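Asks: Residue numbers (the working numbering), protein chains in the order written: chain C, 1 to 347; chain V, 348 to 699; chain A, 700 to 1000; chain B, 1001 to 1240; chain R, 1241 to 1495. One structure coming up, written as structure tokens, with questions to follow.
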Amino acid sequence: MEALKQTRHIGFWTGIVFFALMAVLAIALESSSGGNTWLRTLNNIGIFTALALSLNIILGQTGLFNMGHIAFFALGAYVTAVLNSVLGWPIIYTLPFAACITALFAFVVALPVIHLRGDYLLVVTIGISEILRIAFVNDIFGLTQGPNGITGIQRIELFGYRFMSQFAQFYLIWGFVAITACLFYFLEHSRFGRALNYIKYDEVAASGNGVNIVRYKLIAFALGAFWAGMVGTIYAPFIRTISPGLFEFKESVLLFAIVILAGGGNIVGIVLASFLLVGMRDVLTMFGDWSMLLFGLMMVVIMIIRPQGIMKPRRRQYNAGHLVGKFPSGIGKKAGLSAGNQAEVVE
Amino acid sequence: QDVRIGLMAGLTGPYASEGQDTKRIIELMIEDLNAKGGINGNKVQLVIEDDGSSPGTAATAATRLASTKVPAVIGTYGSAVTEASQDIFDEAGIVQIGTGSTSIRLTEKGYERFFRTAPRDDEQGRVAEESLNKLGFKTVAILHDSTAYAKGLADELKAQIDKNGRVNTVFFDALVPGESDYSVVLTKLKSANPDAIFFTGYYPEVGLLLRQKKEIGLDAPIIGGDASNHVDLIKIAGKDAAKGYRFISPPLPTDLDTPVTKEFLASYKAKYGTYPGSIWSVASGDAFIALVEAIKAKGADSEAIADYLHNDLKDVQGLSGKISFNEKGDRVGDLYRLYEVDGDGNFVLQPE
Amino acid sequence: MDIFITQLSNGLAIGSIYALVALGYTMVYGILRLINFAHGDLFTIGAYFGLTILVSFALQGNVSPLIIPWILIIMAAIGVAIIGFLLERVAYRPLRNANRLAAVVSAFGASIFFANALKLIYSPNRQSYPADIINLPNIPIFGVDIQSKRLIMFGTAVLLMALLYWYINHTRTGTAIRAVAIDQGAAKLMGINVNKIISLVFIIGPALGGAAGVLMGLFYGQIHPEMGFSFGLKAFVAAIIGGIGNIPGAMLGGLLLGVVEAIAGGYVSGSWKDAIAFGALIVILIFRPTGILGERVADKI
Amino acid sequence: MSNTSSYIEIKDLVVKYGKVEALHGISLNVKKGEIVTILGANGAGKTTLLASISGLIRPSSGTILFDGQPIQNIDSAEIVKRGIIQSPEGRRVFSTLTVWENLLLGAYTNHDKQKEKDILEWVFTLFPRLKERLKQLAGTLSGGEQQMLAIGRSLMGDPKLLLLDEPSLGLAPLVVRQILAAAKEINERGVTVMLVEQNAVAALKIANRGYVIEVGRIVMDGEAHALMHNPEIQKAYLGG
Amino acid sequence: MSLLSLQNVIKKFGGLTAVNDVSFTVDEQSVVGLIGPNGAGKTTVFNLITGNYAPLSGTVTFRGQVINGQKPYKIVQQGIARTFQNIRLFQQMSLLENVLAGRHCRMHAGLFASMFCLPWQQREEKSAVERAMQELAFVGLDAGYDNEAGNLSYGNQRLLEIARALATDPKLIILDEPAGGMNDQETAALTELIAAIQKRGITVLLIEHDMNLVMNICQKLVVLEYGAKIAEGTPEEIKSNPKVIEAYLGTSDDE
Ligand SMILES: Nc1ncnc2c1ncn2[C@@H]1O[C@H](COP(=O)(O)OP(=O)(O)OP(=O)(O)O)[C@@H](O)[C@H]1O
Ligand SMILES: Nc1ncnc2c1ncn2[C@@H]1O[C@H](COP(=O)(O)OP(=O)(O)OP(=O)(O)O)[C@@H](O)[C@H]1O
Ligand SMILES: [Mg+2]
Ligand SMILES: [Mg+2]
């Protein structure tokens, strides 16, 4: 592909290698006894990774403080659950509906509040997700079955194959993560992705350079929600019973933490941070009463060890080296303006 | 060869005290059983997973248990939590005996290997309406806390009331559990002016309601469901405010006079120094007894156990009364009794 | 009408607690822009400290009931202030130069840590303050009996707010606190010891939270290890709604939240009251994007 | 050159930003009562030098003596207390505080009320515009007004050594002259001044001595008068 | 015909009239300077032109169309680019990406094309990078295209802002104190740069306090004081205008 030849997409190849290793790991786990638990942990991580990637578009790339992302996930899962359990649709058909309804919801609720700055937006997103959760608890429109939630959601069926075991779902979930990572990676390395970053760093300068801020912010919200809605579709048949208790505010904060810990919206960082936080939360349960205490402690410690996030924010690489010195200089070196004034790097 | 049994309980999370007590009871019973030689000479081994009292964690815990290939699992407390694990155990073909999960739909979904030792909400709703009528209340305010269990019971009670037409519902609403101040809802209740208030939620809220009801000057008595059957209720409300509080619940082991319960209580007291605080942890003991019977008869195979529990287990003496299951997996027999709190904070069983 | 006034007083009472927690929140938040999730847990710790002191020194019966609350409040405030001070040192200071959201993650971790530490120390079960520590008569206002403890809570909140407002806006140190909040580097050039100022804020804020925790236990009775999270969250929301860094705003936000909840719970439905309260707050922000009392903004281009 | 009467004496100062070394061993001194100007192109390290004197950056090696005491490892707050006050590059006014509050903060370490009042009067005569705008938020002032505020604020601390980092930046020609005149006046009141300026002619006019920094090294120094007439300087910094 | 014209523009902040009934025009292909004392309202006039503020009354006309009240991003699309007095670069991004920001309004790839790497999107990217490098070279910063903008020295940050503005293909470029923080020699180089910009057929409107630069390069000057226009004319006329001397220049006795 043109894109890969043109630039040094190290991240892209890292991704390929990573997913290959994961596939091997899954096979090893499947054939070992007790590996099922680990597969489930991996699947949990996969779900959260996909979610964090979708939040990353909003929070990591655009700098919109969305601390209610779990709401979009919940909405997607509920749409799927209702369509499946009430109307009997196969799960896979519900996917576009879950995604679109969630995106539409995000768009509509974001519209009046998108102009809010930083923490004001954060509070609003918290509010929206709590309102939605309470609506689910109160059995809104008689569809969500209240606090009990919706049970008996079918498994996903594709081309006659039913994704039942953890092993099968592993491929489903991580396949989705891989596609997501790939598409979002391309997105980041484009005009669109840059525009989101411009907004994050300086709205005034962004709009002064022709970026339609409101439009991009809304699209970022809707896109993040669209994806979270799809993850909801995958999650519902994975967990098979969904209830409002699964979508509490703390989960939003956990997602938020994953994106921050990842460091500067870095995709590889997000995968690692999901492993670290979600994986640890699962693994630490073996310490019983002490597990959450340790989990909290671990979050503090990790942050202190890596204040800038697990991964350094990697600047996009452009294949422009060959263009240096090729164009005429309008002012340039003869004036001594720019040359030689940079302090030198010492190792 | 050892027999392995799974236990899924909320060792952490909001229902941790139930979960911890459950764990103690099952561990104690296994200890006693193994001391007597186990099941047909085989020692019993327990595999415990914490469901964190939350549906999400429960699903993970259930998968863990399923992957250990135990034939049967006891647990858990809380209908929503149980519900999150049902599909997983069902898929794995494992027998599950719910303990403190009373929501109706748990046994209405046609699972072949799901049982429970807790009675169902419709049964409790029926008894609740019966009691309200017997106590002579004409108007009642129903209050729940939006949790799966409490909402279910509230709906059931309301349905029974509407059906029989002997009592009038003048108020139906929820409070938010875990808060500290319920004066808003109490003020609202006061203005509805009911003869009695039926609260279907859990003991901590009952405690606060009782305490704050007094402060706000609301006289109508509160009557509760089985989730308020917990000794901590008195601590929270204070003896004064708790006096006269009534609730319906399966009987406490201390109120039962069978040799099985007596032996159990003595052993519990000897080990832990107190009596068990909640009926639901005791219900897990019932589940254990039923399981042991089944394994004794048919061996540690899930299908055989399920079959035995459905068809062959009849009126085995448990900790909270006789145990048998119907074809849906529900416990058979009427268990509910009315309790009242006396001036010293004791739960006194009311004569039927 | 009576009912309305009673509901209003219900709302103002719980709103006072929100306001107190929000005041501490806004102090810390204003200076570091740190969403200190652990603040709610500091509040809980205050409540547990109070209970421990009450029980272990057997205050009840030996000391006049009028003095007990003050002993508890002051001791708990001191204890929590120490924890707050340490918390900043250990969990936030190393992150001072990182992205400000990094400290939010650390704060969330600290919050989980505190809540679970409390569970391990005191058991996960709920605990209660004895029901009969303070028995005060009701006071009729507009012909409605209002519990005097509510007036005390409301009064305490207003008093502390006024003190804090005065301190921040009319003292040299207060101005220094605000300067640090805006630009730490420039503050250093004024001769302000930034570390000291931040430590100071992490003493005042948590002390207020701890005091609120004791009030909560004394007047509502029951406490549990997880209660701080939702309280902290609501207080945070209240502080933002009031206008970031705005002390009367935090107070107003807290009271408003309490009242909206009470009215929604009293006249619409208990199960929807939180949703209505959040909805109302969102609507406020749509029309006042920098909070009720507004935040000072100077975005000159 | 090292001299016991130096008020501030810097020896072999090396400063790094991560891997980037901005100062490669700078030595200079300023005597009490002098105005010394630091010249240099963009990115030469002038701001870095002032920042290390003020204690905002820890040098990786070298010493800074102020009044005979080493201060290179001392907290910036303490340095300000000892009388080294800086008006930083880019103004750094407290944007959401009023002009008045900004001035008060300038006097944070100054506990003498009467003196504070006197200086305030003086600042107002230097920059009457500030007096008109006492209640305005500093962030909404025009660029030049902010610069006036930054300088006024630094005077409020009653400096012994005043560090001015490009004070004429963004000011109208008339005001530039006023500001440099003010620097002279400040100096005449007994304050030692280190002045970083792009406007080399104007700076050298009021200074006693000057140093020229290039890419983190001092390449020239001398009496202001001599520097002004140095052909190399004229070519490089005086627009030729 | 004039490229840009302001007619009776008024802007108030609370009680303060920052721009008071200002009118002037900017001819195509010219360099016009806007000068005046600090706080006279120059930057505010710029903000009114670029849509960051909307005027209370009056009109701003660009290429025959009224543009006041439009959003900044629309105005950039129509051909007005700017730099900021308080430098507003994307500090953590590379020089190249900063300049690519300028290209944004001339590119078309949307969400879908970007996500799926459509071939035309790739071609567009490639040519945008080339164009951006061209602008970087124009200001002499191409060698360090991959460095972080925030690490540039002040003067170079100003140049980068100019490159970014040029990348938008402007008809009119608006520079707010481009020589701020530059020494005399650097300013002389900047003067050349502005001349080169003019030679590219781009009209320049600038605010500057450096009189050497202004007098050297501007064809016309507009002088503001307390928000109002007090003079307008060629540099020679302005230099000797007593009002301007009193309000702004001062008597250059000693220079
Ligand atoms: N925070 C930083 N991180 C990395 N490099 C930096 C940082 N600050 C400055 N530098 C580099 O250090 C060198 C000296 O910068 P400094 O700001 O001291 O220059 P200056 O002489 O004040 O320039 P100017 O006249 O533009 O203000 C420059 O090369 C600059 O790029
Ligand atoms: N957002 C704002 N709110 C209040 N006052 C403002 C605002 N923006 C500008 N002002 C005031 O309007 C006046 C004009 O400001 P402006 O920035 O246009 O001046 P300027 O001519 O660019 O000055 P300078 O040369 O110092 O940059 C100033 O007195 C300033 O304080
Ligand atoms: Mg500098
Ligand atoms: Mg300006």
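Glycine residues also receive a C-beta, built at the ideal position from the N, C-alpha and C atoms. Being a predicted model, the structure only gives us computed values, none of them experimental.
On a CA-only basis, which of Ala757(A), Leu741(A), Ala801(A) is nearest Gly309(C)? Give me that one, please.
Replies: The shortest Cα separation from Gly309(C) among Ala757(A), Leu741(A), Ala801(A) belongs to Ala801(A).
Asks: Taking 7 Å as the line, does the beta carbon of Tyr1394(R) fall inside it for any heavy atom of ligand 3?
Replies: Checking every heavy atom of ligand 3 against the Cβ of Tyr1394(R), one is found closer than 7 Å.
Asks: Between Gly749(A) and His738(A), is the Cβ-Cβ spacing less than 8 Å?
Replies: In this structure, His738(A) does not lie closer than 8 Å to Gly749(A) by Cβ.
Asks: Apart from the five residues just before and just after Gln1332(R), which ones in its own chain have a Cβ nearer than 7 Å to its Cβ?
Replies: So the qualifying residues of the chain are Glu1388, Gly1390.
Asks: Taking the CB atoms as reference points, tell me whether Ile1064(B) and Ser1076(B) lie closer together than 8 Å.
Replies: No, these two residues do not count as a Cβ contact at 8 Å.
Asks: Please go through the same chain and pick out, in chain order, the residues whose beta-carbon is closer than 7 Å to the beta-carbon of Leu1023(B), but skip the five residues on each side of it.
Replies: These residues qualify, in order along the chain: Leu1013, Val1014, Val1015, Gly1045, Thr1048, Leu1049, Gly1216.
Asks: State the Cα-Cα distance for the pair Thr151(C) and Val231(C), rounded to the nearest angstrom.
Replies: Straight-line Cα distance between these residues: approximately 18 Å.
Asks: Does any residue of chain A have a CB that is nearer than 8 Å to the CB of Gly525(V)?
Replies: Answer yes: the Cβ-Cβ gap between Gly525(V) and chain A drops below 8 Å somewhere.
Asks: If you measure between the beta carbons of Ile1213(B) and Leu1163(B), is that distance less than 8 Å?
Replies: No, these two residues do not count as a Cβ contact at 8 Å.
Asks: What do you reckon, is the C-beta of Phe1253(R) under 7 Å from a heavy atom of ligand 5?
Replies: Ligands displayed in this structure: ligand 1, ligand 2, ligand 3 and ligand 4; ligand 5 is not among them.
Asks: Are Ser450(V) and Tyr496(V) closer than 8 Å when you measure CB to CB?
Replies: The answer is yes: Cβ separation under 8 Å.
Asks: Might you give, ordered along the chain, the residues of its own chain that have their beta carbon closer than 8 Å to the beta carbon of Val109(C), omitting 5 neighbours on each side?
Replies: Ile128, listed in sequence order.
Asks: From Asn1248(R), Pro1312(R), Gln1325(R), pick the residue whose C-alpha is nearest to that of Ile1402(R); which is it?
Replies: Of Asn1248(R), Pro1312(R), Gln1325(R), the residue nearest in Cα terms is Gln1325(R).
Asks: Any heavy atom of ligand 3 closer than 7 Å to the CB of Lys1046(B)?
Replies: Yes, the beta carbon of Lys1046(B) sits closer than 7 Å to at least one heavy atom of ligand 3.
Asks: Can you check DSSP and say which residues form a bridge with Leu1445(R)?
Replies: Val1272(R), Ile1414(R), per the DSSP bridge assignment.
Asks: For the beta strand (DSSP E) holding Phe1124(B), just list the boundary residues, first then last.
Replies: Per DSSP, Phe1124(B) belongs to no beta strand (DSSP E); it is in the alpha helix (DSSP H), 1113-1126.
Asks: Closest to Phe813(A) by C-alpha separation, out of Ser329(C), Pro328(C), Phe295(C), would be which residue?
Replies: The shortest Cα separation from Phe813(A) among Ser329(C), Pro328(C), Phe295(C) belongs to Phe295(C).
Asks: Comparing the C-beta of Arg799(A) with each C-beta of chain B, is any distance below 8 Å?
Replies: So no, Arg799(A) is outside the interface.
Asks: Can you grab the Cα-Cα spacing for the pair Ser364(V) / Phe48(C), in whole Å?
Replies: About 30 Å.
Asks: Does DSSP classify Ile595(V) as helix, strand or coil?
Replies: It is a strand residue.
Asks: Going along the chain, which residues of the segment 146-176 of chain C sit with their C-beta nearer than 7 Å to a C-beta in chain R?
Replies: If the cut-off is 7 Å between Cβ atoms, the segment 146-176 of chain C has nothing near chain R.
Asks: Determine whether the beta carbon atoms of Pro597(V) and Pro466(V) lie at a separation below 8 Å.
Replies: Against a cut-off of 8 Å, the Cβ pair of Pro466(V) and Pro597(V) comes out as a contact.
Asks: Going along the segment 873-888 of chain A in order, which residues come within less than 9 Å of chain B, judged by CB to CB distance?
Replies: If the cut-off is 9 Å between Cβ atoms, the segment 873-888 of chain A has Thr874, Ala875, Arg877, Ala878, Ala880, Ile881, Asp882, Gly884, Ala885, Ala886, Lys887, Leu888 near chain B.
Asks: Kindly indicate if chain C contains any beta-carbon less than 8 Å away from that of Asp468(V).
Replies: Output row for Asp468(V): interface = no.
Asks: With burial defined as no fewer than 16 other Cβ atoms inside 10 Å of the residue's Cβ, what is the status of Pro1128(B): buried or exposed?
Replies: Exposed is the call here.
Asks: Does the CB of Ala856(A) have a neighbour CB from chain C at under 8 Å?
Replies: It does not: the Cβ of Ala856(A) has no partner Cβ on chain C nearer than 8 Å.
Asks: Which residues does DSSP list as the beta-bridge partners of Met1194(B)?
Replies: Note: Met1194(B) sits in a beta bridge opposite Val1036(B), Leu1163(B).
Asks: Just checking Glu1089(B) against ligand 3 - is the residue's beta carbon closer than 7 Å to any of the ligand's heavy atoms?
Replies: Under cutoff, so the answer is yes.
Asks: Give me the Cα-Cα distance between Phe986(A) and Leu955(A), rounded to the nearest whole angstrom.
Replies: Answer to the nearest angstrom: the Cα atoms are 16 Å apart.
Asks: With a cut-off of 8 Å, does the C-beta of Val996(A) fall near any C-beta of chain B?
Replies: Chain B, which has a Cβ nearer than 8 Å to the Cβ of Val996(A), makes this yes.
Asks: Just to check, is the beta-carbon of Ala1211(B) closer than 7 Å to a non-hydrogen atom of ligand 1?
Replies: Here residue 1211(B) is Tyr; the residue named in the question, Ala, does not match the sequence. No, ligand 1 has no heavy atom inside 7 Å of this Cβ.
Asks: At 3 residues or longer, and completely inside the segment 237-271 of chain C: list those beta strand (DSSP E) runs for me, N to C.
Replies: Fully enclosed beta strand (DSSP E) runs of 3 or longer: not present.
Asks: Leu1171(B) by DSSP, collapsed to three states: which one?
Replies: Note: Leu1171(B) maps to coil in three-state DSSP.
Asks: Against Ala555(V), what residues of chain A qualify as contacts under a CB-to-CB distance less than 8 Å, listed in chain order?
Replies: Before going further, note that residue 555(V) is Leu rather than Ala in the sequence given. What Leu555(V) touches in chain A: Tyr919, Gly920, Gln921.
Asks: Would you verify that the beta carbon of Arg987(A) is, or is not, closer than 8 Å to some beta carbon of chain V?
Replies: So, not an interface residue.
Asks: Quick one: grab the DSSP three-state call for Glu1009(B).
Replies: DSSP places Glu1009(B) in strand when its eight states are reduced to three.
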